[in-house]
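Heads up, the final residue of the sequence shown is numbered 476 in UniProt numbering, and it's a clean run with no missing numbers. Structure record follows, encoded as structure tokens.
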Amino acid sequence: MKNNSQFHTHNSKLFRQILFSYLPRIVSFSVGPILIALLTKNLSVEEFGIFTIFRDTCFLMIFIFGFGLNRYIANFVPGKKINEQYSIYKTIFSIEFLIFTSISLLIVIPFRRFFLSLLKIQGYSFEFMIFVCAFIVYIIYLEGINFLGYLKRLEIKSVFAFSEKVLYFLMILFLSFYGMNLRNISFVFLILHIVLLIFLIFFIDIKRVLNAAFQKNIIVKAFSFGLPLLATDIGWRVMRNVDRYILSANSLDKEVGIYAFGFKYVEIAYLVGSPVIWTIYPYLVESFNLNKFKDAANYLSRQVQISFYLVCGALSGLIVFRNEFVPLLSKKEYLAYPFVFSYMAICVITMTTIYIFQQIVILMGEGKRLGVYYLICTCLNILLNIILIPIYGIYGALIATVISMFLLSVLIILRTKKKFELSFYKNSIFYFLLSLLVILSLYDVDSFFYRVVGYLPYVVIYIIIFFRKILKILKN
1 MKNNSQFHTH
11 NSKLFRQILF
21 SYLPRIVSFS
31 VGPILIALLT
41 KNLSVEEFGI
51 FTIFRDTCFL
61 MIFIFGFGLN
71 RYIANFVPGK
81 KINEQYSIYK
91 TIFSIEFLIF
101 TSISLLIVIP
111 FRRFFLSLLK
121 IQGYSFEFMI
131 FVCAFIVYII
141 YLEGINFLGY
151 LKRLEIKSVF
161 AFSEKVLYFL
171 MILFLSFYGM
181 NLRNISFVFL
191 ILHIVLLIFL
201 IFFIDIKRVL
211 NAAFQKNIIV
221 KAFSFGLPLL
231 ATDIGWRVMR
241 NVDRYILSAN
251 SLDKEVGIYA
261 FGFKYVEIAY
271 LVGSPVIWTI
281 YPYLVESFNL
291 NKFKDAANYL
301 SRQVQISFYL
311 VCGALSGLIV
321 FRNEFVPLLS
331 KKEYLAYPFV
341 FSYMAICVIT
351 MTTIYIFQQI
361 VILMGEGKRL
371 GVYYLICTCL
381 NILLNIILIP
391 IYGIYGALIA
401 TVISMFLLSV
411 LIILRTKKKF
421 ELSFYKNSIF
431 YFLLSLLVIL
441 SLYDVDSFFY
451 RVVGYLPYVV
461 IYIIIFFRKI
471 LKILKN
């Protein structure tokens with residue numbers, strides 16, 4: 001009875017935190033499309049592609065040079081005593097920041113012209129340097145807000161996610177009047193991250209961090225745990241970036257911009273479901289670490305069913321009404337390859353699946369096996385991109401990404417079944433098939449009126465499902 005009562009209390013808190021996570025997201029979703037519109041309407045298609053290459057390359061550097069150390073915090077901080085949590089955070093963050101900063105300043109910045117010449121964009125070396133400096137600041141901010149999440153201070157983390165988007169929007173809006181180019185945007189990133197870091201200091205107990213013990217033994221454990229998972233971090237980012245690198249190397253600059261926009265467009269659907277995934281995650285980890293596997297399975301069930309419900313619903317609207325939404329967000333040039341959005345939608349479904357289920361494989365202590373999965377799929381992705389892009393251009397990149405991500409999701413799900421019964425996944429398949437049916441039925445319908453009429457029954461069914469299923473999952 002005590003365990004049931006405790007789990008019900010967690011459910012109530014979880015329900016509040018999920019709802020609170022969505023309050024900032026409502027504004028973020030309204031700001032996000034406007035932000036994309038400002039960038040794509042003021043930058044050329046080629047410049048937008050270069051911008052995404054710079055930004056995502058910096059994210060890739062964070063994963064590579066982080067050596068998977070932050071995974072130790074994510075999987076071992078929840079459930080620890082507060083002093084132990086701060087001690088682990090201080091130790092891991094200090095090493096991670098030292099490594100990232102040293103490599104960035106000693107290798108990446110001095111040799112940036114050589115790296116960019118491989119992509120035939122060496123004319124933007126100064127802008128790339130500013131991006132790297134901005135991300136040196138960003139890694140401090142990122143680890144700080146992630147630590148708030150591990151401490152289950154999820155409401156504050158959500159506020160920062162909202163504030164980051166709004167501040168970024170205001171700065172880009174200013175540039176749209178002052179003059180927008182890659183150099184100005186790079187300085188905006190630097191200023192934005194400095195401002196966010198200053199505000200974060202007021203929400204982190206700095207005194208406790210400074211006084212926390214620096215545990216040398218934690219470093220060895222973190223490297224032992226994180227290094228096998230490094231392949232997952234690198235592999236994931238490579239699969240998302242290598243297609244643009246190879247498109248750029250083949251002088252398909254316009255296609256790079258269209259490809260980048262297509263992914264950002266459909267990724268909105270993932271962002272609709274992501275608050276559920278990351279709000280529930282600390283509870284899942286804590287239950288698993290305390291050997292409460294039944295509770296962990298319940299949390300996993302909530303992650304899968306609610307997130308897939310939201311992602312599939314958002315995807316259907318984005319794809320069916322792409323001809324209306326895309327021109328609002330960007331230029332008509334981004335509709336030059338109409339099937340880009342359909343292929344990208346498949347990537348979003350597999351991406352959501354991977355994010356949810358790989359955490360179980362990690363908790364099962366099978367990080368090395370997960371790393372092998374990522375290594376196989378990453379190598380396959382690179383090989384397919386090299387072969388297909390010179391022949392099929394942007395569609396070759398899409399085919400390579402869909403195949404490699406789908407294979408990765410299948411491998412991870414099959415491994416997860418070793419620990420948990422996945423019968424609840426049937427509901428998610430139903431959401432996917434229902435959304436797929438409405439997309440296929442209305443994809444080639446030219447009349448906006450008939451698409452709206454055809455889409456309304458789907459909306460009604462989805463609302464009924466929400467009140468009968470989703471609220472029941474959260475409150476039981």
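Cβ atoms here follow ideal geometry from the backbone N, Cα and C, with glycine treated the same way.
Kindly confirm or deny that the segment 128-135 and the segment 179-192 touch, where touching means at least three C-beta pairs closer than 8 Å. yes
For F466, I'd like the list of residues in its chain whose CB is within less than 8 Å of its CB, leaving aside the five on either flank, ordered along the chain. Y309
Rounded to a whole number of angstroms, what is the C-alpha to C-alpha distance between S125 and G66? 24 Å
Once you ignore the five residues that flank L335 on each side, which residues in its own chain have a CB closer than 6 Å to its CB? V326
Three-state secondary structure (DSSP) at M364? coil
So, helix, strand or coil for V348, using DSSP? helix
Can you grab the Cα-Cα spacing for the pair L196 / L170, in whole Å? 14 Å
What residue from G68, N211, V402 has the CA that sits closest to S87's CA? N211
Report the option in D243, Y431, Y455 whose CA atom is closest to the CA atom of S441. Y455
Determine the direct distance from the alpha carbon of A260 to that of N121, and round the result to whole angstroms. The question names Asn, but residue 121 in the sequence shown is Ile. For I121 and A260, the distance between alpha carbons rounds to 16 Å.
Around the C-beta of I439, are 16 or more other C-beta atoms found within 10 angstroms, so that it is buried, or is it exposed? buried
Just to confirm, is the Cβ distance from N241 to L60 under 8 Å? yes
Through-space distance from L434 to Y458, alpha-carbon basis: 8 Å
Roughly how many angstroms separate the alpha carbons of D233 and E96, rounded to a whole number? 15 Å
Would you call the segment 264-283 and the segment 243-250 touching, i.e. three or more CB-CB distances under 8 Å? no
For a test of the three-state rule: what should DSSP assign to D205, helix, strand or coil? coil
Which runs of the alpha helix (DSSP H) fall wholly inside the segment 93-127 and span at least 4 residues, in chain order? 112-118
Of all the options T352, S274, S163, E127, which has the alpha carbon lying nearest to the alpha carbon of Y141? S163
Evaluate I463 with the Cβ neighbour count: other Cβ atoms within 10 Å of its Cβ, from every protein chain shown; 16 or more gives buried, anything less gives exposed. exposed
Under the three-state reduction of DSSP, which class applies to S176: helix, strand or coil? helix
Between the segment 217-236 and the segment 372-382, do three or more beta carbon pairs fall short of 8 Å? yes
N- and C-terminal bounds of the alpha helix (DSSP H) containing R55: 45-66
Kindly indicate which residue of L200, K264, I218, G144 has the alpha-carbon position closest to the one of S330. K264
In terms of residues, what are the limits of the alpha helix (DSSP H) holding G313? 293-320
Cβ neighbour criterion (16 or more within 10 Å) applied to T350: buried
Rounding to the nearest angstrom, what Cα-Cα distance links D56 and F202 in this structure? 29 Å
Measuring straight from C-alpha to C-alpha, what distance separates F7 and D295? Here the model assigns F7 a pLDDT of 46, short of 50, so the residue's position is not dependable, and the following value carries that caveat. Each residue's alpha carbon lies about 7 Å from the other.
Quick check: the Cα distance between S5 and N298, rounded to an integer number of angstroms? Caution applies to S5, whose pLDDT of 46 falls short of 50 and renders its modelled position unreliable; the model cannot decide the point.
Return yes when the Cβ of I403 is within less than 8 Å of the Cβ of L384, no when it is not. yes
If you reduce the DSSP assignment to three classes, tell me which class N75 lands in. helix
Please report how far the alpha carbon of T9 lies from the alpha carbon of Q303, in whole angstroms. Because the pLDDT of T9 is 47, which lies under 50, any placement of that residue in the model is unreliable, and the number read from its coordinates should be weighed accordingly. One C-alpha to the other measures close to 18 Å.
Give the straight-line distance between the Cα atoms of M364 and F293, rounded to the nearest whole angstrom. 11 Å
Using CA atoms only, rank isn't needed, just tell me which of E84, I258, I103 is closest to F48. I258
If I measure Cβ to Cβ from K368 and keep anything under 8 Å in the same chain, skipping five residues before and after, which residues do I get? P228
Which of helix, strand or coil DSSP assigns to L433: helix
Boundaries of the alpha helix (DSSP H) in which G396 is found, first to last residue: 394-416
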